[in-house]
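Chemist:
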Amino acid sequence: QGDTLPTIKAHLRDVTADLGKLAEYRNVCGFPVSGSLPVTYPHILAFPLHMEILVNPLFPFPLLGLVHVRNEITQYRAIGNQEAMDIECELVGPDEVGKGLEFSIITRVSVEGKLVWESVSTNLFRTKTSVEDKKDKKEDTFSADNMDYWSVPDNIGRRYAKVSGDSNLIHLYAVTAKLFGFKRHIAHGMWSKARALGALEEQLPKGPFKVSVAFKLPVFLPAKVQFQYANTGDTVEFRIKDQNGEKPHLSGQIQSL
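Quick note on the numbering used here: the sequence shown kicks off at -4 and runs consecutively.
What follows is the structure, given as structure tokens:
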């Protein structure tokens, strides 16, 4: 594959959210009604561009088996529900990590030529299964101020697939997930991130902010999970864990800029 991935870019001009689809997305992810887009929604609008990059003949990795490991969003200002956006995506990487190769898709959203939102979505192409990843072994010192229990329904993968366009078979049914080696179907990582941010809507900074998450163990459906968070003023730390609060599914941080 060489040291760097080929330059692959994709863009859309003059994109406006469909209000019906937006309302369904809010419903599936638990975002309240608002005059501006949920912070994760531009990711949905950019998803066709991500797919365009991943199926490009120059893209060197097989689509099946890619693991979404991290997602970082920076919102410079809220985007109105009906604002027209230009969306640009590009492929960067790869970086060698203990388990294989990581690459990212960078997405930039502009309104009238001004950058308002950007994200870095990082995927792992696993080349080694036995290597210890040192970074994963750090002790999590997070201590929650607030905790809630969520019931994640069996059909959440199908519902999220409908509003996001991400119909990967590992998320839809137990029988389709088993084809890919999973014991049951699993929730989308970006649904988990959106669900957490919907729950934290009141805590989100009014000015520019960054929200970073790392996806840990999959959420097998249906599930009961713990949602934990702590607000320190400049930062909100949050976690999704199994119902016993032991195994991590997602860790995240919201930071004012």
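All C-beta atoms, glycine included, are put in the ideal place defined by N, C-alpha and C.
Small disclaimer: the values here were computed from a predicted structure and weren't measured.
Can you give the Cα-Cα distance for residue 164 and residue 172, rounded to whole angstroms?
Modeler: Cα to Cα, residue 164 sits roughly 6 angstroms from residue 172.
Chemist: Ignoring anything shorter than 3 residues, give me the beta strand (DSSP E) runs that lie fully in the stretch 77 to 147, in order along the chain.
Modeler: Within the stretch 77 to 147, the complete beta strand (DSSP E) runs of at least 3 residues are 80 to 92, 95 to 106, 109 to 121, 141 to 147.
Chemist: Assuming residue 84 and residue 100 are in contact, meaning their beta carbons sit under 8 angstroms apart, how far apart are those beta carbons, in whole angstroms?
Modeler: So it is a contact: roughly 6 angstroms between Cβ atoms.
Chemist: Does the Cβ of residue 234 have 16 or more other Cβ atoms within 10 Å, making it buried, or fewer, making it exposed?
Modeler: Buried is the call here.
Chemist: Does the pairing of the stretch 133 to 146 with the stretch 229 to 246 give three or more beta-carbon distances under 8 angstroms?
Modeler: Counting Cβ pairs under 8 angstroms, three or more are found: they touch.
Chemist: Residue 239 lies in the alpha helix (DSSP H); which residues open and close that run?
Modeler: Residue 239 -> no alpha helix (DSSP H), and no H or E assigned at all.
Chemist: Identify which residue in 223, 39, 213 has its Cα closest to the Cα of residue 195.
Modeler: Nearest of 223, 39, 213 to residue 195, Cα basis: 223.
Chemist: Please determine, among 226, 103, 184, 197, the residue with the shortest C-alpha to C-alpha distance to residue 208.
Modeler: Here the closest residue by C-alpha is 184.
Chemist: Could you compute how far the alpha carbon of residue 111 sits from the alpha carbon of residue 103?
Modeler: Each residue's Cα considered, the two are about 8 angstroms apart.
Chemist: Give me, in chain order, the residues of the same chain whose beta-carbon lies closer than 6 angstroms to that of residue 9; leave out the 5 immediate sequence neighbours on both sides.
Modeler: Same-chain partners within the cutoff: 79.
Chemist: Around the Cβ of residue 161, are there at least 16 other Cβ atoms within 10 angstroms (buried) or fewer (exposed)?
Modeler: So residue 161 ends up on the buried side.
Chemist: What do you get for residue 218, buried or exposed, if any count of 16 or more other CB atoms within 10 angstroms of its CB means buried?
Modeler: With 16 or more Cβ atoms within 10 Å of its Cβ, residue 218 is classed as buried.
Chemist: Leaving aside the five residues before and after residue 42 along the sequence, list all residues of the same chain whose C-beta is less than 8 angstroms from its C-beta, in chain order.
Modeler: So the list reads 159, 160, 161, once near-sequence residues are dropped.
Chemist: Pop quiz: residue 12 and residue 139 are said to be a contact at Cβ under 8 angstroms. What is the actual Cβ separation, rounded to whole angstroms?
Modeler: The Cβ separation is near 33 angstroms, so there is no contact.
Chemist: Residue 69 lies in the beta strand (DSSP E); which residues open and close that run?
Modeler: Taken as a continuous stretch (DSSP letters only), the beta strand (DSSP E) holding residue 69 covers 61 to 70.
Chemist: Compare the Cα-Cα distances from residue 20 to each of 36, 7, 178, 5 and report the closest residue.
Modeler: Closest by alpha carbon: 36.
Chemist: Report all residues from its chain with a CB closer than 6 angstroms to the CB of residue 177; omit the five preceding and five following residues, and keep chain order.
Modeler: Around residue 177: 165.
Chemist: Which two residues bound the contiguous beta strand (DSSP E) that contains residue 8?
Modeler: Taken as a continuous stretch (DSSP letters only), the beta strand (DSSP E) holding residue 8 covers 4 to 10.
Chemist: Helix, strand or coil for residue 73? Go by DSSP, reduced to three states.
Modeler: Correct three-state label for residue 73: coil.
Chemist: With C-beta atoms as the reference, is residue 53 less than 7 angstroms away from residue 3?
Modeler: Yes, the Cβ-Cβ distance between residue 53 and residue 3 is below 7 angstroms.
Chemist: Expressed to the nearest angstrom, what Euclidean distance is found between the alpha-carbon atoms of residue 1 and residue 44?
Modeler: When rounded, the distance between both Cα atoms is 16 angstroms.
Chemist: Would DSSP call residue 191 helix, strand or coil?
Modeler: Helix.
Chemist: Find the nearest neighbour of residue 227 within the set 202, 92, 251, 244, judged by alpha-carbon distance.
Modeler: Measuring from the Cα of residue 227, the nearest candidate turns out to be 251.
Chemist: Examine the ligand MN and report whether any of its heavy atoms sits within less than 6 angstroms of the Cβ of residue 179.
Modeler: In the structure on display, the ligand MN does not appear, and there are no ligands present to speak of.
Chemist: Tell me whether residue 23 sits in a helix, a strand or coil according to DSSP, three-state version.
Modeler: Looking at residue 23 - three-state DSSP - the assignment turns out to be helix.
Chemist: Is it buried or exposed, residue 117, if we count other Cβ atoms within 10 angstroms and call 16 or more buried?
Modeler: So residue 117 ends up on the buried side.
Chemist: Taking only three categories from DSSP, how would you classify residue 176?
Modeler: Looking at residue 176 - three-state DSSP - the assignment turns out to be coil, as it is neither helix nor strand.
Chemist: Secondary structure at residue 215, three-state DSSP: helix, strand or coil?
Modeler: Residue 215 falls in the strand class under three-state DSSP.
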